[in-house]
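Engineer: Input: one structure, supplied below.
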Amino acid sequence: MFSKAIVRRPGNSMLNGLRSSDLGIPDYELALKQHSRYVEALRSCGLEIHVLDADESYPDSVFVEDTALLTPACAIITKPGAASRRGEEVEIKQVVKGYFSEIQEIRKPGTVEAGDIIMVGSHYYIGISERTNREGALQVISILKKYGMTGSIVELKDVLHLKTGVSYLENNTLLAAGEFRWKKEFQNFNIIEIDPAESYAANCIWVNDNVLVPAGYPITRQRIKDAGYNIIEIDVSEFRKLDGGLSCLSLRF
Ligand code: CIR
Numbered sequence: 645m646f647s648k649a650i651v652r653r654p655g656n657s658m659l660n661g662l663r664s665s666d667l668g669i670p671d672y673e674l675a676l677k678q679h680s681r682y683v684e685a686l687r688s689c690g691l692e693i694h695v696l697d698a699d700e701s702y703p704d705s706v707f708v709e710d711t712a713l714l715t716p717a718c719a720i721i722t723k724p725g726a727a728s729r730r731g732e733e734v735e736i737k738q739v740v741k742g743y744f745s746e747i748q749e750i751r752k753p754g755t756v757e758a759g760d761i762i763m764v765g766s767h768y769y770i771g772i773s774e775r776t777n778r779e780g781a782l783q784v785i786s787i788l789k790k791y792g793m794t795g796s797i798v799e800l801k802d803v804l805h806l807k808t809g810v811s812y813l814e815n816n817t818l819l820a821a822g823e824f825r826w827k828k829e830f831q832n833f834n835i836i837e838i839d840p841a842e843s844y845a846a847n848c849i850w851v852n853d854n855v856l857v858p859a860g861y862p863i864t865r866q867r868i869k870d871a872g873y874n875i876i877e878i879d880v881s882e883f884r885k886l887d888g889g890l891s892c893l894s895l896r897f
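Under this note's numbering, think of the first position of the sequence shown as 645, with each following residue one higher.
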């Protein structure tokens, strides 16, 4: 169960955020509304929320998930792989210090964005992507080991981050899209498949027996519902325009 989350309000500079798709520039006013609803949804799941002010100097800083891996034993401050995101982790480290006594850091030449890391109990799957390199992933694994946890590497091809294509919904259940449906390392999970027409919906979050699902993906919504979860739908269309999803918008611990 999670008890807290850290989020950051979107800044107007999000209009210059990194994006690989052709979905247009985000509508800032709408993004603010969607973000507030997202925060309310996390609150309704019982989380105490630490809301950081917008940081205009980093256009992608609303996607706080990438800057730290928060485990029950320690916090690992990451080293973002995207040049424009380097430095986002500095303030996050100060904030996280208020909650964790054990703080570790990824060091150069390692790069890690925690959107590439999935927590399954005390095991962590780490995707090697354009943002997370092997050196960074190995540093994460060695830190986890120090605290009695384990990690393993997953190769990815088609998505930005591992969590763009896979989400862990607890109860040994994974939501998986595209290349991840058949990966051998995931075959012992119950897999809820994402219909190819709804690939964006592979990024959902489990929060204390609720699953936050992006609005507008009815097939996925129904499949998760049929698996017995309580669903909370949240519209994150403006963050999707920057390749961001529900998980990216918070650090949950
Ligand atoms: C980026 O490209 O870094 C942002 N526009 C999106 C980050 C999404 N974060 C995530 O998947 N954890």
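Every residue, glycine too, gets a C-beta built ideally from N, C-alpha and C. Source: prediction; values computed, not measured.
Using a 10 Å radius around the Cβ and a threshold of 16 neighbouring Cβ atoms, would you call Ser664 buried or exposed?
Structural biologist: Taking the first residue of the sequence shown as position 1, residue 664 is located at position 20. When all chains shown are included, Ser664 counts as exposed.
Engineer: Is it a yes or a no for the stretch 738 to 751 touching the stretch 716 to 723, going by three-plus beta-carbon pairs under 8 Å?
Structural biologist: Yes, since at least three Cβ pairs between the stretch 738 to 751 and the stretch 716 to 723 fall closer than 8 Å, the two stretches touch.
Engineer: So what does Ser894 bridge to, in DSSP terms?
Structural biologist: Mapped onto the sequence shown, residue 894 falls at position 250. In DSSP, Ser894 forms no bridge with anything.
Engineer: State the Cα-Cα distance for the pair Leu667 and Gly792, rounded to the nearest angstrom.
Structural biologist: The count along the sequence shown starts at 1 and reaches residue 667 at position 23. The count along the sequence shown starts at 1 and reaches residue 792 at position 148. Going from the Cα of Leu667 to the Cα of Gly792 covers about 43 Å.
Engineer: Do Gly661 and Leu895 have their C-beta atoms within less than 8 Å of each other?
Structural biologist: Walking along the sequence shown from the start, residue 661 turns up at place 17. Walking along the sequence shown from the start, residue 895 turns up at place 251. No, they are not a contact pair.
Engineer: Just reading off the beta strand (DSSP E) that Ser811 is part of, what are its end residues?
Structural biologist: Within the sequence shown, numbered from 1, the residue matching residue 811 stands at position 167. Residues Val810 to Tyr812.
Engineer: Checking 8 Å against the spacing of the C-beta atoms, do Glu842 and Ala820 come in under that value?
Structural biologist: As a position in the sequence shown, residue 842 is number 198, starting the count at 1. As a position in the sequence shown, residue 820 is number 176, starting the count at 1. Not in contact: Glu842 and Ala820 (Cβ atoms no closer than 8 Å).
Engineer: Going by DSSP in three states, Ser796 sits in which element: helix, strand or coil?
Structural biologist: In the sequence shown, residue 796 corresponds to position 152, counting from 1. The answer is strand: DSSP assigns Ser796 an E or B state.
Engineer: I need the straight-line Cα distance from Gly754 to Phe824, nearest angstrom please.
Structural biologist: For the purposes of this step, residue 754 is taken as residue 110 along the sequence shown, with counting starting at 1. For the purposes of this step, residue 824 is taken as residue 180 along the sequence shown, with counting starting at 1. Answer to the nearest angstrom: the Cα atoms are 24 Å apart.
Engineer: Just the Cα atoms here: how many angstroms apart are Tyr769 and Thr864?
Structural biologist: Here the question's residue 769 lines up with position 125 in the sequence shown. Here the question's residue 864 lines up with position 220 in the sequence shown. Computed Cα separation, rounded: 23 Å.
Engineer: Could you tell me the distance, in whole angstroms, from the CA atom of Glu814 to the CA atom of Phe897?
Structural biologist: For this step, residue 814 is matched to residue 170 along the sequence shown. For this step, residue 897 is matched to residue 253 along the sequence shown. Cα-Cα distance, rounded: 14 Å.
Engineer: Any heavy atom of the ligand CIR closer than 7 Å to the Cβ of Cys892?
Structural biologist: Position 248 of the sequence shown holds residue 892. For the ligand CIR, at least one heavy atom lies less than 7 Å from the Cβ of Cys892.
Engineer: Keeping to the same chain, check which residues put their C-beta closer than 7 Å to that of Leu890; ignore five residues upstream and five downstream.
Structural biologist: The sequence position of residue 890 within the sequence shown is 246, counting from 1. Result list for Leu890: Asn847, Cys848, Ile849, Leu856, Pro858, Ile878 and Val880, in chain order.
Engineer: Helix, strand or coil: which one does DSSP assign to Val764?
Structural biologist: Within the sequence shown, numbered from 1, the residue matching residue 764 stands at position 120. Three-state DSSP puts Val764 in a strand.
Engineer: Once DSSP output is grouped into helix, strand and coil, what is the label at Pro703?
Structural biologist: Working through the sequence shown from its first residue, we reach residue 703 at position 59. Pro703 falls in the coil class under three-state DSSP.
Engineer: Is Leu800 near the ligand CIR, judged by its Cβ being under 7 Å from some heavy atom?
Structural biologist: Taking the sequence shown and counting its residues from 1, one reaches residue 800 at position 156. Flag unset: Cβ of Leu800 not near the ligand CIR.
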